[in-house]
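Report on one structure; see the data block that follows.
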Amino acid sequence: MEFATLGQRRVITQWVAKDLAMEAEIELHDTLRFLSVTPRQLWTRPEYSPFDAEISEIRFKANGLQHRVFGFFLSDEKQYVMLIGAQKKMKIYDPRDAIETARKRRKLVLTDRSCIHEYTDYQF
Amino acid sequence: MNTRIINSKLFSKLTDKEYRRLFIASQINKGIPFQIRALRAAREMKQSDLAELAETTQTVISRIENKGASNLTVQTLVKLAEAFDVALVVRFEPIDKLIEWVDDLSPEKLSPEPSDKILAELRDSLDEVPDEATSTQDIKRTKVRQRKASTSIEQFSFNFMAKNVFPIFSAGSTQGQVRKEQLGRDLKVVLEDAA
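Protein sequence lines, in the order shown, are assigned to chains A and B. Just so you know, the first sequence maps onto residues 1 to 124 in my numbering. Just so you know, the second sequence maps onto residues 1001 to 1195 in my numbering.
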């Protein structure tokens, strides 16, 4: 699942289309595809890591750059909501406020499920 | 290949040669580490257990799982397959075969059952007299099953012939009737003209 703004802007779809190079897009989509068939207890590093009590990150590397997708599992633990994508350079995220934005969006999702949509671009 | 796949965004991207190259490479580089972790978990193996079975070191297993499989030799893959008791398929294939594999990816495909178990299940599923049958009752029961199966195949053949084959031969003679005769072990199908 991915977060969509009030104006129905799907944030991950747009991030992939505007900010990711081809190699990064393929890395992200393969990571999502393999995670989607991996039992929840095997979501571990290097592809996944809890960030703190609220959010976690999907991790991948492409073109020599670390990339992160911040998100969280819905209470049923079966659906993962991607809130924002970012690049990580020397411990600094681009966009810089990625974590703050992720926290705000998580709160919105918890109060209003209509702001999430299925993300299927990694599938045929 | 179904229209859902062909109409997908991902399919159209694969028409780009560079995209295709990266996609194919990524299925190995990312897919093998995911499979190794899933297989290890299913077999309740630690990295060191796998390393011992595959005659390598825990460092090598850790590196594959964390850094990808792009530099793995086929020899290492063979040893890993042996350690997990699974088949290893390394060959050149048309792209549609890879697409189908990716599209059909599932937890079961990620972590296949051991070959020993699969072969035993296949053997057990065979509907024939077991070599180790100990009682005549076993054999009798099996023969009755086989006879029933054989009768249903004969009946199916007859129905198929009557419905699909004879109408073609007897075009223009729709009054004809189809009859079956048992001649010893053979089944004879006869088309009789009503006239």
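The beta carbon of each residue, even a glycine, is placed where N, CA and C say it ideally should be. Just so you know, these numbers come straight off a predicted model, no measurement behind them.
Cβ-Cβ distance between residue i and residue j below 7 Å
{"i": "residue 1110 (chain B)", "j": "residue 37 (chain A)", "result": "yes"}
{"i": "residue 1005 (chain B)", "j": "residue 1104 (chain B)", "result": "no"}
{"i": "residue 124 (chain A)", "j": "residue 1011 (chain B)", "result": "yes"}
{"i": "residue 84 (chain A)", "j": "residue 102 (chain A)", "result": "yes"}
{"i": "residue 33 (chain A)", "j": "residue 122 (chain A)", "result": "yes"}
{"i": "residue 79 (chain A)", "j": "residue 1 (chain A)", "result": "yes"}
{"i": "residue 1064 (chain B)", "j": "residue 1033 (chain B)", "result": "yes"}
{"i": "residue 3 (chain A)", "j": "residue 105 (chain A)", "result": "yes"}
{"i": "residue 70 (chain A)", "j": "residue 54 (chain A)", "result": "no"}
{"i": "residue 1074 (chain B)", "j": "residue 1090 (chain B)", "result": "yes"}
{"i": "residue 1070 (chain B)", "j": "residue 1058 (chain B)", "result": "no"}
{"i": "residue 16 (chain A)", "j": "residue 25 (chain A)", "result": "yes"}
{"i": "residue 77 (chain A)", "j": "residue 40 (chain A)", "result": "yes"}
{"i": "residue 1043 (chain B)", "j": "residue 42 (chain A)", "result": "no"}
{"i": "residue 46 (chain A)", "j": "residue 1007 (chain B)", "result": "no"}
With 16 other Cβ atoms within 10 Å as the buried cut-off, status of residue i
{"i": "residue 92 (chain A)", "result": "exposed"}
{"i": "residue 110 (chain A)", "result": "exposed"}
{"i": "residue 1120 (chain B)", "result": "exposed"}
{"i": "residue 30 (chain A)", "result": "buried"}
{"i": "residue 1126 (chain B)", "result": "exposed"}
{"i": "residue 1035 (chain B)", "result": "buried"}
{"i": "residue 1026 (chain B)", "result": "buried"}
{"i": "residue 1068 (chain B)", "result": "buried"}
{"i": "residue 107 (chain A)", "result": "exposed"}
{"i": "residue 1030 (chain B)", "result": "buried"}
{"i": "residue 6 (chain A)", "result": "exposed"}
{"i": "residue 1015 (chain B)", "result": "exposed"}
{"i": "residue 90 (chain A)", "result": "exposed"}
{"i": "residue 1050 (chain B)", "result": "buried"}
{"i": "residue 1122 (chain B)", "result": "exposed"}
{"i": "residue 114 (chain A)", "result": "exposed"}
{"i": "residue 18 (chain A)", "result": "exposed"}
{"i": "residue 8 (chain A)", "result": "exposed"}
{"i": "residue 1003 (chain B)", "result": "exposed"}
For residue j and residue i, believed in contact at Cβ under 8 Å, the rounded distance
{"i": "residue 1077 (chain B)", "j": "residue 1088 (chain B)", "result": "6 Å"}
{"i": "residue 22 (chain A)", "j": "residue 1093 (chain B)", "result": "Contact doesn't hold; Cβ gap of about 23 Å is too wide."}
{"i": "residue 1041 (chain B)", "j": "residue 1080 (chain B)", "result": "Actually they are not in contact, since the Cβ atoms of residue 1041 (chain B) and residue 1080 (chain B) sit about 15 Å apart, beyond 8 Å."}
{"i": "residue 97 (chain A)", "j": "residue 87 (chain A)", "result": "Actually they do not touch by this definition, with Cβ atoms about 13 Å apart."}
{"i": "residue 27 (chain A)", "j": "residue 60 (chain A)", "result": "4 Å"}
{"i": "residue 1100 (chain B)", "j": "residue 1001 (chain B)", "result": "7 Å"}
- Could I get the ranges of all uninterrupted beta strand (DSSP E) runs contained in the stretch 1038 to 1122 of chain B, with 3 residues as the minimum, in chain order? none
- Item | Secondary structure, beta strand (DSSP E): runs of 3+ residues fully inside the stretch 67 to 98 of chain A | 80 to 89 and 92 to 94
- Residue ranges of each alpha helix (DSSP H) run of no fewer than 4 residues wholly in the stretch 30 to 59 of chain A, ordered along the chain? none
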